[in-house]
Amino acid sequence: MDDRDRSVPTTGRVQLALNVTDLEASISFYAKLFASDPAKVAPGYANFSIDTPPLKLVLIEGANGGSINHLGVEVGDTEAVDAAAERFDIAGLSTDTEAGVTCCYAVQDKVWVTAPDGERWEYYTVLADATEAPDRTQREACCSGAA
């Protein structure tokens, strides 16, 4: 069986995490673009849980806006994260697994992989909400998988 034959769970949604320089302006823009209010807003951070198209849009405020911070797939539970990690290992992808980490104002289990051109992808599930407000350096490190 080659990698194309491996089934990918259909539950979940793609995550797009963007670096932005002006969080308020970005929230306003994306709320209008997707006709959706943010699901969470915190200092230097916001996320949208958009139904159509199914998308988790994350905005991370920092000095270098206008670029992708990272990509991901939000799944329903830790078992789905573990299944993705196993699938990646079988496929020969190098993984970084994190369990119970606080990142992006949530406690998460996740597994990271890196695409050939350096894009960081995470498969993750949110275990609980977190009110922790990391400083900019901590926020940028956890959200890139470089923590």
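To get this note's numbering, take the position in the sequence shown, counting from 1, and add 1088. Every residue, glycine too, gets a C-beta built ideally from N, C-alpha and C.
Since I believe residue j is in contact with residue i (beta carbons under 8 Å), could you give me their beta-carbon distance rounded to a whole number of angstroms?
i, j, result
"residue 1196", "residue 1146", "No, residue 1196 and residue 1146 are not in contact; Cβ-Cβ is about 12 Å, not under 8 Å."
"residue 1212", "residue 1162", "6 Å"
"residue 1137", "residue 1127", "4 Å"
I need the boundaries of the beta strand (DSSP E) containing residue i, first residue and last residue.
i, result
"residue 1214", "1208–1217"
"residue 1129", "1128–1130"
Drop a sphere of 10 angstroms on the beta-carbon of residue i, count the other beta-carbons inside from all chains shown, and report buried for 16 or more, exposed for fewer.
i, result
"residue 1121", "exposed"
"residue 1148", "buried"
"residue 1193", "buried"
"residue 1112", "exposed"
Name the one or two DSSP bridge partners that residue i has.
i, result
"residue 1190", "1195"
"residue 1149", "1108"
"residue 1156", "1106"
"residue 1133", "1130, 1148"
"residue 1162", "1101, 1212"
Hey, is residue i close to the ligand FMN, as in C-beta under 7 Å from one of its heavy atoms?
i, result
"residue 1209", "The ligand FMN is not part of this structure, which contains no ligands at all."
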